[in-house]
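Here the sequence shown is numbered in the working numbering, starting from 1214 and rising by one per residue.
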Amino acid sequence: MTAPDPGPAPDPGSTPGPGSGPAPDAAAGTDPAPEGPVLPSDVVHAHCMAMPHVTYDNVFGPQTTCYRVGGKIFLMLGHDADPQYATFSYDPEESLVLRATYPSVVPGYYSNKRLSNTVYFDGRIEPEQTLDWISESYAIVFAKLPRKVRDQLHA
């Protein structure tokens, strides 16, 4: 199986302008002021590309990089807001726990609100935790691929 031309890699040095992506909700406590280390998009890109059979594209435009396994999106990385954000698939029950625990985690931006979360890279969550969620998203999406697709990927 040949991966489609992924287009350009996300530009880790770019600083997207505020206001063009989902805005943090001050009432929900997602103030964008960083409190700890912020997860750089180049680290997210390297993490995703280290997983087997991952491709990426910019199907929604240069402001969003979609990471896929078996043609299915497991992560959308938004470059158009400050702070940057990522939307990922997750278990519906666990999503409720994440949202209640972390103010920087909200229902998925432009996605199924029950099945996905958006996390803002605002320094409130340790980068390793976010990378773990991305890995779990990959595993969830991979497990839901049709058996034929999974078998083709393993061939």
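C-beta atoms are modelled at their ideal positions from N, C-alpha and C, and glycine is treated no differently. Since the model is a prediction, treat every value here as computed from it, not as a measurement.
Residue interval of the beta strand (DSSP E) (run including residue i)
{"i": "methionine 1289", "result": "1285 to 1291"}
{"i": "arginine 1302", "result": "Sequence inspection shows serine at residue 1302; the arginine mentioned does not correspond to that position. Segment 1298 to 1302, the beta strand (DSSP E) holding serine 1302."}
Residues bridged to residue i [DSSP beta-bridge criterion]
{"i": "asparagine 1325", "result": "In the DSSP output, where bridge partners are listed per residue, asparagine 1325 has none listed."}
{"i": "valine 1332", "result": "Ala1299, Val1318"}
{"i": "threonine 1268", "result": "Arg1281"}
Segment limits, alpha helix (DSSP H) that includes residue i
{"i": "arginine 1281", "result": "Where arginine 1281 is concerned, there is no enclosing alpha helix (DSSP H), although the beta strand (DSSP E) it sits in stretches over 1277 to 1282."}
{"i": "valine 1310", "result": "1305 to 1314"}
{"i": "isoleucine 1353", "result": "1340 to 1357"}
{"i": "arginine 1360", "result": "1360 to 1367"}
Classification of residue i by the beta-carbon crowding that lies within 10 angstroms, buried from 16 upward
{"i": "aspartate 1293", "result": "buried"}
{"i": "threonine 1314", "result": "exposed"}
{"i": "valine 1318", "result": "buried"}
{"i": "arginine 1327", "result": "exposed"}
{"i": "alanine 1263", "result": "exposed"}
{"i": "glycine 1321", "result": "buried"}
{"i": "histidine 1367", "result": "exposed"}
{"i": "asparagine 1330", "result": "buried"}
{"i": "alanine 1299", "result": "buried"}
{"i": "proline 1296", "result": "buried"}
{"i": "valine 1310", "result": "exposed"}
{"i": "glycine 1274", "result": "exposed"}
{"i": "glycine 1284", "result": "exposed"}
Contact with chain B by residue i, beta-carbon distance below 8 Å
{"i": "alanine 1294", "result": "Looking at the structure shown, chain B is missing, and only one protein chain is on hand."}
Distance between residue j and residue i (C-alpha atoms, nearest Å)
{"i": "arginine 1363", "j": "aspartate 1335", "result": "35 Å"}
{"i": "tyrosine 1351", "j": "valine 1272", "result": "19 Å"}
{"i": "tyrosine 1333", "j": "serine 1254", "result": "12 Å"}
{"i": "glutamate 1306", "j": "isoleucine 1353", "result": "13 Å"}
{"i": "lysine 1361", "j": "glutamate 1248", "result": "45 Å"}
{"i": "isoleucine 1286", "j": "glutamine 1342", "result": "20 Å"}
{"i": "serine 1302", "j": "leucine 1288", "result": "7 Å"}
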